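Remarks on the structure that follows.
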Amino acid sequence: MSDKATLEINGQKHEFPLITGTENEVAIDIKTLRGVTGGVTTIDPGYKNTGSCESAITFLNGEKGILRYRGYSIEDLAEKADFLEVAYLLIFGELPTQEQLDKFHSDIKKHSVVDDDVKKILDAFPKSAHPMGVLASLTSALTAFNPSSVNVESEEDMYNAIVRILGKFPVLVAWTMRKKQGLPLNYGSEDLGYVENILKMMFEKPNKEYQQSEILVNALDKLLILHADHEQNCSTSTVRIVGSSHAGLFASLSAGISALWGPLHGGANQAVLEMLEGIKEDGGDTKKYMGKAKDKEDPFRLMGFGHRVYKNFDPRARIIKKSADEVLGDLGVEDPILDIAKGLEKEALEDDYFVKRKLYPNVDFYSGIIYRAMGIPVEMFTVMFALGRLPGWIAQWREMRMRKEPIGRPRQVYIGENHRDFKTIENR
Ligand code: CMC
């Protein structure tokens with residue numbers, strides 16, 4: 109294969125280098141395009157064909173349904189690793205030794221206290237506020253409580269910011285849920301594992317000793333691993349682009365949380381559960397909703413189906429579907445919406461509309477069913493996604509800073525009015 113691409117504009121040929129990734133993905137390097145063509149740019153709304161960076165963190169092949177973090181398959185990691193190991197792997201590039209993992213965990217624990225004044229901010233939110241809005245605000249507020257800027261030339265400074273947020277974020281997540289439920293704000297315990305501690309903070313009642321459940325720990329561990337990174341998706345690209353202006357880590361993460369909130373992205377897990385509940389209340393007629401999803405006049409979409417990159421099974425959905433059966437079985441929960449979900453999946457996979465468009469269940473299709481069985485309220489589902497995605501966002505931010513990427517600033521093609529003379533108000 110040639111190592112150059114040729115572009116002809118107005119009879120003039122321009123050559124651009126091709127770059128090939130370690131998994132043989134080929135990209136045309138157009139960094140010099142505007143310079144050599146005298147200002148010609150590219151247009152690609154939604155960035156369907158635009159690579160924004162070179163990255164060594166996550167590989168996914170949407171045609172083959174492959175997902176790997178730092179070279180390790182998602183199937184292996186979900187089965188054999190725990191969330192903190194995966195967080196370390198994503199951020200620093202290698203699986204940790206026991207000693208490295210212990211130090212990482214101990215550094216995180218040192219920073220797991222949140223300034224008490226943050227409670228006053230939380231207090232000011234109405235109970236009806238959506239937890240994602242609250243979480244984005246509190247994450248941003250952490251900047252004010254930890255104002256020292258991160259010197260990106262210093263690995264130590266970046267490490268400190270990373271362990272800080274990994275320590276404080278689960279506290280904010282738990283407090284966001286407790287606020288909504290009217291429960292007192294608490295802290296976890298330094299003696300517990302990272303995920304065990306999250307569950308204790310979320311579920312501990314003021315009048316009862318907290319009992320740890322292995323089933324819940326394993327279920328949450330797996331869900332968090334499956335959500336931990338997904339290369340240049342909407343929220344991750346947001347984190348990288350905000351960070352590229354040299355805004356701090358917490359501010360960049362807060363922007364990522366807002367991006368994740370939307371129903372076409374992480375908000376889909378809440379939307380899926382609400383959709384399944386709606387179908388159940390409407391008599392369980394899945395065919396009716398399949399019809400609505402295919403009707404171009406109807407805005408209804410089958411939530412939890414389709415993906416920008418996967419044109420085959422989302423490997424995370426396969427693992428989560430199996431896990432939903434196991435967790436509900438272990439917890440002794442029977443949930444009729446699991447059957448509705450399986451029915452919808454079966455119909456969609458046999459339906460021409462979905463087959464032709466290569467629409468498969470994505471990560472969000474079954475995750476909400478597990479969260480609900482665990483006792484997590486539906487409005488918290490996207491917050492749980494954010495908790496899982498945190499190490500991925502951090503890893504991508506750190507990579508972007510270490511590679512000294514330039515500020516993100518796309519171009520546009522202007523299609524507005526040409527120059528006009530100003531009209532005074534009485535002449536308009
Ligand atoms: N139900 C019905 N039709 C769909 C769906 C769906 N869920 N998803 C895509 N289509 C159709 C769409 O109408 C279009 O049809 P046509 O070619 O006739 O115009 C075609 O499939 C391609 O869709 P698109 O919107 O151009 O594809 P996209 O890559 O821009 O969007 C998506 C991807 C995930 C936003 C979209 O599939 C969707 O809205 N899915 C439902 C929301 C959802 O589950 N989101 C979670 C994504 S996974 C978690 C995450 O990483 O955030």
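The sequence shown runs 109 to 536 under this note's numbering. The beta carbon of each residue, even a glycine, is placed where N, CA and C say it ideally should be. If you're wondering where the values come from, they're calculated on a predicted model, not measured in any experiment.
Asked                                                                                                                                                                           : Found
Quick one: is the Cβ of residue 467 within less than 7 Å of any heavy atom of ligand 1?                                                                                         : yes
With residue 169 as the anchor, note down where its beta strand (DSSP E) starts and where it stops.                                                                             : 166-169
When burial is assigned at 16 or more other CB atoms within 10 Å of the CB, is residue 232 buried or exposed?                                                                   : exposed
With contact counted as at least three CB pairs below 8 Å, one residue from each stretch, are the stretch 308-326 and the stretch 280-299 in contact?                           : yes
On a Cα-Cα basis, can you pick out the residue from 536, 389 and 498 that is closest to residue 335?                                                                            : 498
Secondary structure at residue 128, three-state DSSP: helix, strand or coil?                                                                                                    : strand
Does the contact criterion of 3 or more C-beta pairs under 8 Å hold for the stretch 465-482 versus the stretch 421-432?                                                         : yes
Taking the alpha-carbon positions, what's the residue 124 to residue 172 distance?                                                                                              : 29 Å
Between the stretch 490-508 and the stretch 361-368, do at least 3 Cβ pairs fall closer than 8 Å?                                                                               : yes
Among all the DSSP beta bridges, which residues are the ones paired with residue 504?                                                                                           : Answer is none; residue 504 lacks a bridge partner.
Just the Cα atoms here: how many angstroms apart are residue 332 and residue 407?                                                                                               : 31 Å
Between residue 419 and residue 338, what straight-line distance do the alpha-carbon atoms span, to the nearest angstrom?                                                       : 15 Å
What is the residue span of the beta strand (DSSP E) that residue 113 lies within?                                                                                              : 112-117
Is residue 463 near residue 412, with beta carbons less than 8 Å apart?                                                                                                         : no
I'd like to confirm the pairing. Which residues does DSSP put opposite residue 317 in its beta bridges?                                                                         : The partner list for residue 317 (beta bridge, DSSP) is empty, contrary to what the question assumes.
Helix or strand or just coil, what does DSSP make of residue 528?                                                                                                               : coil
Count the other CB atoms, across all protein chains shown, that sit within 10 Å of the CB of residue 480; report buried if there are 16 or more and exposed otherwise.          : buried
Any heavy atom of ligand 1 within a distance shorter than 7 Å of the CB on residue 412?                                                                                         : yes
Suppose you measure from the CA of residue 219 to the CA of residue 239; what does that come to, to the nearest Å?                                                              : 23 Å
CB residue 243 to CB residue 280, shorter than 8 Å?                                                                                                                             : yes
Counting beta carbon pairs with one atom in the stretch 197-217 and one in the stretch 340-350, are three or more of them shorter than 8 Å?                                     : no
Along the chain, which unbroken stretches of the alpha helix (DSSP H) at least 4 residues long are found entirely within the stretch 269-332?                                   : 302-311
Pick out the complete beta strand (DSSP E) segments inside the stretch 168-230, 3 residues or longer, and give them in chain order.                                             : 174-177
On the CB-based measure, 16 or more other CB atoms within 10 Å of its CB, does residue 429 come out buried or exposed?                                                          : buried
Indicate, with yes or no, if ligand 2 has a heavy atom lying under 7 Å from the CB of residue 350.                                                                              : Annotation note on ligand 2: not contained in the displayed structure, which lists ligand 1 as its ligands.
Within the same chain, show all residues whose beta-carbon is closer than 7 Å to that of residue 151, passing over the 5 residues directly before and after it, in chain order. : 521
Which residue or residues does DSSP assign as beta-bridge partners of residue 136?                                                                                              : 126
Rank 301, 291 and 327 by C-alpha distance to the C-alpha of residue 316 and give the top, closest one.                                                                          : 291
Going by alpha carbons, who is nearest to residue 201 out of 187, 167 and 118?                                                                                                  : 167
Near residue 136, what residues of its chain come up, given a Cβ to Cβ distance below 7 Å and the 5 sequence neighbours on each side ignored?                                   : 113, 124 and 126
Please state whether DSSP places residue 514 in a helix, a strand or coil.                                                                                                      : coil
Sort 288, 353, 433 and 488 by Cα distance to residue 378 and report the nearest one.                                                                                            : 488
Does DSSP classify residue 407 as helix, strand or coil?                                                                                                                        : coil
Quick one: does the C-beta of residue 194 sit closer than 7 Å to a heavy atom of ligand 1?                                                                                      : no
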